[in-house]
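Chemist: First to last, the protein sequences are chains S, D and V.
First residue of the first sequence: 1, per the working numbering; consecutive thereafter.
First residue of the second sequence: 249, per the working numbering; consecutive thereafter.
First residue of the third sequence: 497, per the working numbering; consecutive thereafter.
The beta carbon of each residue, even a glycine, is placed where N, CA and C say it ideally should be.
Source: prediction; values computed, not measured.
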Amino acid sequence: MFVLFTDFGLEGPYIGQVKAALWQGVADRPVIDLLSDAPPFDPRSGAYLLAAYAAAMPPGSLILGVVDPGVGGPRRALAVEAGGRWFLGPDNGLLAIAARRAGEARVWQVDWSERGISASFHGRDVFAPLAVGLARGEPPPGSEVARESMIGADWPEDLDRIIYIDRFGNAMTGLRAAALAPDAALEAGGRSLARADSFFQVPPGAAFWYENANGLAEIAVNQGRADRALGLSVGAAVRIGTGSISED
Amino acid sequence: MFVLFTDFGLEGPYIGQVKAALWQGVADRPVIDLLSDAPPFDPRSGAYLLAAYAAAMPPGSLILGVVDPGVGGPRRALAVEAGGRWFLGPDNGLLAIAARRAGEARVWQVDWSERGISASFHGRDVFAPLAVGLARGEPPPGSEVARESMIGADWPEDLDRIIYIDRFGNAMTGLRAAALAPDAALEAGGRSLARADSFFQVPPGAAFWYENANGLAEIAVNQGRADRALGLSVGAAVRIGTGSISED
Amino acid sequence: MFVLFTDFGLEGPYIGQVKAALWQGVADRPVIDLLSDAPPFDPRSGAYLLAAYAAAMPPGSLILGVVDPGVGGPRRALAVEAGGRWFLGPDNGLLAIAARRAGEARVWQVDWSERGISASFHGRDVFAPLAVGLARGEPPPGSEVARESMIGADWPEDLDRIIYIDRFGNAMTGLRAAALAPDAALEAGGRSLARADSFFQVPPGAAFWYENANGLAEIAVNQGRADRALGLSVGAAVRIGTGSISED
Numbered sequence: 001m002f003v004l005f006t007d008f009g010l011e012g013p014y015i016g017q018v019k020a021a022l023w024q025g026v027a028d029r030p031v032i033d034l035l036s037d038a039p040p041f042d043p044r045s046g047a048y049l050l051a052a053y054a055a056a057m058p059p060g061s062l063i064l065g066v067v068d069p070g071v072g073g074p075r076r077a078l079a080v081e082a083g084g085r086w087f088l089g090p091d092n093g094l095l096a097i098a099a100r101r102a103g104e105a106r107v108w109q110v111d112w113s114e115r116g117i118s119a120s121f122h123g124r125d126v127f128a129p130l131a132v133g134l135a136r137g138e139p140p141p142g143s144e145v146a147r148e149s150m151i152g153a154d155w156p157e158d159l160d161r162i163i164y165i166d167r168f169g170n171a172m173t174g175l176r177a178a179a180l181a182p183d184a185a186l187e188a189g190g191r192s193l194a195r196a197d198s199f200f201q202v203p204p205g206a207a208f209w210y211e212n213a214n215g216l217a218e219i220a221v222n223q224g225r226a227d228r229a230l231g232l233s234v235g236a237a238v239r240i241g242t243g244s245i246s247e248d
Numbered sequence: 249m250f251v252l253f254t255d256f257g258l259e260g261p262y263i264g265q266v267k268a269a270l271w272q273g274v275a276d277r278p279v280i281d282l283l284s285d286a287p288p289f290d291p292r293s294g295a296y297l298l299a300a301y302a303a304a305m306p307p308g309s310l311i312l313g314v315v316d317p318g319v320g321g322p323r324r325a326l327a328v329e330a331g332g333r334w335f336l337g338p339d340n341g342l343l344a345i346a347a348r349r350a351g352e353a354r355v356w357q358v359d360w361s362e363r364g365i366s367a368s369f370h371g372r373d374v375f376a377p378l379a380v381g382l383a384r385g386e387p388p389p390g391s392e393v394a395r396e397s398m399i400g401a402d403w404p405e406d407l408d409r410i411i412y413i414d415r416f417g418n419a420m421t422g423l424r425a426a427a428l429a430p431d432a433a434l435e436a437g438g439r440s441l442a443r444a445d446s447f448f449q450v451p452p453g454a455a456f457w458y459e460n461a462n463g464l465a466e467i468a469v470n471q472g473r474a475d476r477a478l479g480l481s482v483g484a485a486v487r488i489g490t491g492s493i494s495e496d
Numbered sequence: 497m498f499v500l501f502t503d504f505g506l507e508g509p510y511i512g513q514v515k516a517a518l519w520q521g522v523a524d525r526p527v528i529d530l531l532s533d534a535p536p537f538d539p540r541s542g543a544y545l546l547a548a549y550a551a552a553m554p555p556g557s558l559i560l561g562v563v564d565p566g567v568g569g570p571r572r573a574l575a576v577e578a579g580g581r582w583f584l585g586p587d588n589g590l591l592a593i594a595a596r597r598a599g600e601a602r603v604w605q606v607d608w609s610e611r612g613i614s615a616s617f618h619g620r621d622v623f624a625p626l627a628v629g630l631a632r633g634e635p636p637p638g639s640e641v642a643r644e645s646m647i648g649a650d651w652p653e654d655l656d657r658i659i660y661i662d663r664f665g666n667a668m669t670g671l672r673a674a675a676l677a678p679d680a681a682l683e684a685g686g687r688s689l690a691r692a693d694s695f696f697q698v699p700p701g702a703a704f705w706y707e708n709a710n711g712l713a714e715i716a717v718n719q720g721r722a723d724r725a726l727g728l729s730v731g732a733a734v735r736i737g738t739g740s741i742s743e744d
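#1: Does the contact criterion of 3 or more C-beta pairs under 8 Å hold for the stretch 529-540 of chain V versus the stretch 501-517 of chain V?
#2: Could you name the residues of chain S that residue 369 of chain D contacts, counting a contact when the two beta carbons are closer than 9 Å?
#3: Does DSSP put residue 357 of chain D in a helix, a strand or coil?
#4: Whole angstroms are fine: how far does the CA of residue 196 of chain S sit from the CA of residue 241 of chain S?
#5: When you compare the CB positions of residue 47 of chain S and residue 152 of chain S, do they come within less than 8 Å of one another, or not?
#6: For chain V, find out if any of its Cβ atoms is closer than 8 Å to the Cβ of residue 193 of chain D; answer yes or no.
#7: DSSP has residue 600 of chain V in a bridge; who is on the other side?
#8: Closer than 9 Å by beta-carbon distance: list the chain V residues that pair up with residue 23 of chain S, in chain order.
#9: Is any beta-carbon of chain D found at less than 8 Å from that of residue 198 of chain S?
#10: Would residue 468 of chain D pass as a contact of residue 418 of chain D if the rule is Cβ separation under 8 Å?
#11: Can you give me the C-alpha to C-alpha distance between residue 623 of chain V and residue 560 of chain V, rounded to a whole angstrom?
#12: Could you check the C-alpha separation between residue 357 of chain D and residue 581 of chain V for me, to the nearest Å?
#13: From the DSSP output, in three-state form, read off residue 251 of chain D for me.
#14: Distance check for residue 541 of chain V and residue 600 of chain V, CA to CA, integer angstroms please.
#15: Could you tell me the distance, in whole angstroms, from the CA atom of residue 702 of chain V to the CA atom of residue 662 of chain V?
#16: If you draw a straight line from the C-alpha of residue 507 of chain V to the C-alpha of residue 696 of chain V, how long is it?
#17: So what's residue 401 of chain D in DSSP terms, helix, strand or just coil?
#18: My understanding is that residue 480 of chain D touches residue 411 of chain D, with C-beta atoms under 8 Å, so please give their C-beta distance in whole angstroms.
#19: Would you say residue 283 of chain D reaches chain V, if we count a Cβ-Cβ gap shorter than 8 Å as a contact?
#20: Determine the burial state of residue 523 of chain V: buried for a count of at least 16 other Cβ atoms within 10 Å of its Cβ, exposed for fewer.
#21: Measuring only the C-alpha atoms, how far is residue 16 of chain S from residue 528 of chain V?
#22: Do you know whose CA, among D/348, D/429 and D/458, lies nearest residue 420 of chain D's CA?
#23: Would you mind sorting residue 362 of chain D into buried or exposed? The rule is 16 or more other CB atoms within 10 Å of its CB.
#24: Assuming residue 373 of chain D and residue 365 of chain D form a contact by the criterion Cβ under 8 Å, report the distance between their Cβ atoms to the nearest whole angstrom.
#25: Could you give the first and the last residue of the continuous beta strand (DSSP E) run that contains residue 688 of chain V?
#26: Between residue 618 of chain V and the rest of its own chain, which residues show a CB-CB distance below 6 Å, the 5 nearest in sequence each way excluded?
#27: Starting from the beta carbon of residue 53 of chain S, find every residue of chain D whose beta carbon is closer than 9 Å, and list them in chain order.
#28: Curious, which full-length beta strand (DSSP E) runs of at least 3 residues does the stretch 432-471 of chain D contain?
#29: By how many angstroms is the C-alpha of residue 61 of chain S removed from the C-alpha of residue 76 of chain S?
#30: Return the chain-ordered list of same chain residues with a C-beta closer than 6 Å to the C-beta of residue 510 of chain V, the five sequence neighbours on each side being excluded.
#31: Tell me where the beta strand (DSSP E) around residue 423 of chain D begins and ends.
#32: Which residues of chain C have a Cβ atom closer than 8 Å to the Cβ of residue 663 of chain V, listed in chain order?
#33: Output the distance between the C-alpha atoms of residue 303 of chain D and residue 342 of chain D, rounded to the nearest integer angstrom.
#34: What does residue 338 of chain D pair with, by DSSP beta-bridge criteria?
#35: Can residue 273 of chain D be considered in contact with the ligand ADP, in the sense that its beta carbon sits closer than 7 Å to one or more heavy atoms?
#36: Residue 384 of chain D touches chain S at which residues, Cβ-Cβ below 8 Å?
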């Protein structure tokens, strides 16, 4: 399976061209739009999202991660084999957390010919042809490098920030729920929020956090929008608290 | 064919994960995004939309209808065989109108193991695996129940409300045009609107209603947006009038 | 490959129904959403976009171009064979530039039965069945007509207007970069803009133009939104200047 994780937006002509490039190379393989609205130009938030969501993709998946503000500049392009999946993308941290959590990972710095390559659309011109080659069983074109050389290799295990706001106003954090104490409170937007198992445990309008379906701690409001109620946006700080929790 | 009818939004990581779950089970079957922006948390509007749009899907389709504000709570999960198609979704009325219009329908209450099931994402964890099983020819896992036990079994044949606003500002009602008198007027947003066959029959800026390509009565403005011109939003009342029609 | 170029929006039930119609006819052929948010009701802007983006689609593609404000009226439906690809759509100029640039092109006026055809959704009811027939090797149902009879046959080679604003605020023009002098300036939004090869050549906040990944001259701001910074929207005039260039 090819999997696309990008900040391209579904609107616009970008995703379609990447799919055309993939299907020209390998006609009968499905392409999943896992996320098309990753926070734009923000590989750090994207890294923690990608690590949480890639884990739900089947083994053997070829995952193109393209949040790439440095496209056309000197940043490296990488191919990472980790946890039975391939991750392809720029060396800006986007792939680093997924690679680390997989335990074993091998990393290649990809070489590509400059001929016919645009300066602004490596998703189509570099990463899609690379995915096609790997899908055909070819080795990555380039040289293996140390995993520690990846940008983001020194980033924390979990990120105490809001990394995504979904359509319903729920605010995902970069914290895995399993890494938090069962009674941990999360402080965000000036409020201290207790954990709940589901929306049904809290009254309408109440804010809380819960473990979302991909293991992230997510801040929500029952029958409301957490982003507006708490003034949260991508990048906002989240603090892990304990002890008494105030709810107003 | 798998068909998705949801309020998940195309943005976000939800549709992609459902597709991955479907294609992991049955690799070579197309998945149609029939509607991804059904009115959120509003299974009643969705029920009349789904009934109108499912009729255009080919026989044999497996239709996942997921507008599910009660996910994680005690609501039942259903599998409905109706009109040569399968409908899978929560028992909150969403499937009720499609089931009734199909004439004959059989309804199963679905049992599923709680193991590995998230409390918030039954589209991926319950309904997608159920669709995969049905696509493989397995019987629905659960017990057959009376169609009359479905939530929404007592809802009206047609709904005199706005149920969807499209990209162009056209306002779909829950009324089938075929159920209205040929000269019926629709009253909405304080105006009485006559029927037209097409946009070409009315002057620019004029509001009217017509039978849309799926049989619903839809309120439109030639070269304009009906939602703004008439102050319409999902849930707004529509009254069926007759006789003299005023246009201002 | 089937390719969709429309102003339908990805939201709403329109794209899904076109795909269902295509896959009912030819089950195993991929469908690419090349562009779903072409400027609405604006076949002229769409014509220059389609010509630039269709060139990236593989030979043999069947491209449905549906920006169709005249649907249900007397406008003709066309099938155009050009450059090894098929273009299907209304005769309102949308296909004209792609047909002309391909050099040789054959044009058919399509006949269709009125039975079962909606007045408002020819993407599903006319152009999708037509694409299915062509994919099966059938000839276009209708009579060949002169290419010069196409609406848009007399439109200019390049369009000195903004034709699309992307998710990031970049403003595409209808001008091919290859048709401009290497030192040409573009005047838009009251500013004169120099060319750059990439975003890295200009300081943050600076506006410039560059050749985008599909050959169009595109106006951008490094780490900013060109549409807001320069007050640009689709249809805005762009003037080709030379000589001294002022930047403020």
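Modeler: In short:
#1: yes
#2: 212, 213 and 214
#3: strand
#4: 15 Å
#5: yes
#6: No statement about residue 193 of chain D is possible, as the shown extent of chain D runs from 249 to 496 and does not include it.
#7: Note: residue 600 of chain V sits in no beta bridge, so no partner.
#8: 497, 526, 528 and 554
#9: yes
#10: yes
#11: 7 Å
#12: 49 Å
#13: Residue 251 of chain D sits in a strand when the DSSP states are folded into three classes.
#14: Computed Cα separation, rounded: 23 Å.
#15: 18 Å
#16: 35 Å
#17: Coil.
#18: Not confirmed; about 11 Å, so no contact.
#19: yes
#20: Exposed, by the Cβ-count rule.
#21: 6 Å
#22: D/458
#23: exposed
#24: 5 Å
#25: 687-689
#26: 567
#27: Here the neighbours are 261, 264 and 265.
#28: Within the stretch 432-471 of chain D, complete beta strand (DSSP E) segments of at least 3 residues are found at 433-436, 439-441, 455-459 and 464-469, given in chain order.
#29: Between residue 76 of chain S and residue 61 of chain S, the C-alpha separation is close to 22 Å.
#30: 504
#31: 419-424
#32: Protein chains in the displayed structure are S, D and V, and chain C is not among them.
#33: Approximately 15 Å between the Cα atoms of the pair.
#34: D/325
#35: Here there are no bound small molecules, and the ligand ADP is not part of this structure.
#36: By Cβ distance, chain S contributes nothing, its closest Cβ being about 17 Å from residue 384 of chain D, past 8 Å.
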